[in-house]
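What follows is a set of notes on a single structure, which appears directly below.
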Amino acid sequence: SQQGEEDPQALSIQEGENATMNCSYKTSINNLQWYRQNSGRGLVHLILIRSNEREKHSGRLRVTLDTSKKSSSLLITASRAADTASYFCATASGNTGKLIFGQGTTLQVKP
Amino acid sequence: DGGITQSPKYLFRKEGQNVTLSCEQNLNHDAMYWYRQDPGQGLRLIYYSQIVNDFQKGDIAEGYSVSREKKESFPLTVTSAQKNPTAFYLCASKKEGARDYGYTFGSGTRLTVV
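Which chain is which? The protein sequence lines are A and B, in order.
Per the numbering used here, numbering of the first sequence is gapless, rising by one per residue and ending at 110.
Per the numbering used here, numbering of the second sequence is gapless, rising by one per residue and ending at 120.
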């Protein structure tokens, strides 16, 4: 089952611009995580936000979480060509540690 | 360096064959997971294991089997019962009980039916 819906599916911006990706989910969660995937590679964990947190920063990344709307956003500031990748949100619920992933947003940053 | 190793990177399967994908981690993580990714799609959970000698079905377990005889290893067998096995397979691990930690992923195995 796919918990998350991500928006937009694809995003193309110029280097230096900000990129915003959104994720919506359906059930209550323990935390929400964002991952990055370069083409043909494994996923890399970027940032985790707990259900009782509203905003979190890590370097050029800013994540917000609105549990009342069951949605999250990932902002990448001052984007670089190296940020070109697919970005996935994933939600964790219950005690199994299972993550349910969204469909992903493909980001292209043009130099 | 600690991490997860998946092998092989590319695998070709003939119709009716069983194939086994390897996943080994040296992170001392308790929990391990197998996901399948189809082109342009998100990840779907096949099987997961929270402790040695125990594993649970995920959302798309039909046609797959796993074992967890050692903490470090969680191999996935794609059986002939899996009718559409061509996909990118990703293995991940996490320290059990660490609810606020992310997964560590391997680099994936791309399986193609020929």
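For every residue, glycine included, the Cβ atom is placed at its ideal position computed from N, Cα and C.
Quantities reported herein were computed from a predicted structural model and do not represent experimental measurements.
Within this structure, are the beta carbons of ARG35/A and ALA80/A separated by less than 8 angstroms?
Stepping through the first sequence from its first residue, residue 35/A is reached at position 36. Stepping through the first sequence from its first residue, residue 80/A is reached at position 81. No, Cβ-Cβ distance for ARG35/A and ALA80/A is not below 8 angstroms.
What are the boundary residues of the beta strand (DSSP E) that ILE28/A is part of?
Counted from its first residue, the first sequence places residue 28/A at position 29. In this chain, ILE28/A is not harboured by any beta strand (DSSP E), its DSSP state being neither H nor E.
Using a Cβ cut-off of 8 angstroms, pull out every chain B residue sitting near LYS97/A, in sequence order please.
Locating residue 97/A in the first sequence gives position 98, counting from the first residue. Against chain B, a Cβ distance below 8 angstroms from LYS97/A picks out TYR39, LEU51, TYR54 and GLY64.
Buried or exposed by the 16-neighbour rule on C-beta atoms within 10 Å, applied to GLU75/B
As a position in the second sequence, residue 75/B is number 69, starting the count at 1. An exposed status is given to GLU75/B, since fewer than 16 other beta-carbon atoms sit within 10 Å of its beta-carbon.
Could you compute how far the alpha carbon of CYS88/A sits from the alpha carbon of VAL120/B?
Sequence index remark: in the first sequence, residue 88/A carries index 89 (1-based). Sequence index remark: in the second sequence, residue 120/B carries index 114 (1-based). Each residue's alpha carbon lies about 33 angstroms from the other.
Suppose contacts are defined by Cβ-Cβ distances below 8 angstroms. Is SER72/A in contact with THR66/A by that definition?
As a working note, residue 72/A is residue 73 in the first sequence. As a working note, residue 66/A is residue 67 in the first sequence. No, these two residues do not count as a Cβ contact at 8 angstroms.
With 8 angstroms as the C-beta to C-beta threshold (strictly closer), list the residues of the segment 102-116 of chain B near chain A in chain order.
Going along the segment 102-116 of chain B in chain order, one finds GLU102, ARG105, ASP106, TYR107, GLY108, TYR109, THR110, PHE111, GLY112, SER113, GLY114 and ARG116 with a Cβ nearer than 8 angstroms to chain A.
So with Cβ pairs under 8 angstroms, would you call ARG40/A a contact of chain B?
Along the first sequence, read from residue 1 onward, the residue named residue 40/A stands at position 41. Chain B contact via Cβ: present.
Check this for me: beta carbons of PHE94/B and GLN43/B, under 8 angstroms apart or not?
Counting from one through the second sequence, the residue named residue 94/B turns up at place 88. Counting from one through the second sequence, the residue named residue 43/B turns up at place 37. Yes.
Assign ALA80/A to one of three DSSP states: helix, strand, or coil.
As a working note, residue 80/A is residue 81 in the first sequence. In the structure shown, ALA80/A sits in a helix (DSSP, three-state: H, G or I).
What three-state label does DSSP hand HIS35/B in the structure shown?
Translated into positions along the second sequence, residue 35/B becomes position 29. Residue state, collapsed to three classes: coil.
According to the neighbour-count rule (16 or more other Cβ atoms, all chains shown, within 10 Å of its Cβ), is GLY46/B buried or exposed?
For the purposes of this step, residue 46/B is identified with residue 40 of the second sequence, where counting begins at 1. Classification of GLY46/B: exposed, given that the 10 Å Cβ count is below 16.
C-beta atoms of GLN13/A and LYS109/A nearer than 8 angstroms:
The residue given as residue 13/A occupies position 14 in the first sequence. The residue given as residue 109/A occupies position 110 in the first sequence. For GLN13/A and LYS109/A, yes; Cβs fall inside 8 angstroms.
Which runs of the beta strand (DSSP E) fall wholly inside the segment 74-109 of chain B and span at least 3 residues, in chain order?
As far as the segment 74-109 of chain B is concerned, its whole beta strand (DSSP E) runs of at least 3 residues are 82-84 and 93-100.
Since GLY48/B meets chain A, which of its residues come closer than 7 angstroms, beta carbon to beta carbon?
Taking the first residue of the second sequence as 1, we reach residue 48/B at position 42. The answer, in chain order, is GLN1, PHE87, PHE100, GLY101, GLN102 and GLY103.
Figure out for me which residue from VAL72/B, LEU17/B, LEU51/B and ALA98/B has the closest Cα to the Cα of GLY64/B.
Position 58 of the second sequence, counted from the start, is the residue given in the question as residue 64/B. Closest by alpha carbon: LEU51/B.
Using 8 angstroms as the cut-off, can you tell me whether the segment 28-43 of chain B makes contact with the segment 54-62 of chain B, which would need three or more C-beta pairs spanning the two stretches below that distance?
In short, these stretches touch, since the Cβ pair count reaches three.
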